[in-house]
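Let me begin by presenting the structure, written as C-alpha cells, before commenting on it.
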Amino acid sequence: MTYNIKLREEYIKLGQALKTAGLTDSGVEAKIVIQDGLVKVNGETDTRRGRKLYAGDTVEFEGNVINIEE
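Taking this note's numbering, the leading residue of the sequence shown gets 88, the next gets one more, and so forth.
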C-alpha cells in the first residue's frame, strides 16, 4: 500500500512518519522496527528514528511505501 504524507513543516522524523501513516501503533513500536533494520529510506536501511525526512523522500516498511510530499 502507498501512503502520502504532506509536510506541515520543513521535515518529519522517520518515527513520526511511520506512526502518521498508521504502520505502527506507537512511537515505541516505530523505534523498535527502525532499530531492528526493518525500515528503508530512499532504498537504504536506516536505523535512526530521528532521521529527518524531506519532500521527495520515500520510506519502505513491510511492503508499504510512504511518500513525503511538500
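Every residue gets a Cβ at the ideal spot worked out from N, C-alpha and C, and that includes glycine.
What do you get for residue i, buried or exposed, if any count of 16 or more other CB atoms within 10 angstroms of its CB means buried?
| i | result |
| --- | --- |
| I119 | exposed |
| T89 | exposed |
| G102 | buried |
Among the options, which residue has its Cα nearest to the Cα of residue i?
| i | options | result |
| --- | --- | --- |
| N154 | T132, G124, E131 and A108 | A108 |
| E131 | A117, D123 and V146 | V146 |
| G150 | V126, R136 and G137 | V126 |
| V152 | D123, V128, R138 and K100 | V128 |
Just verifying my parser: in three-state terms, what is the DSSP assignment at residue i?
| i | result |
| --- | --- |
| L105 | helix |
| E97 | coil |
| E147 | strand |
| E156 | strand |
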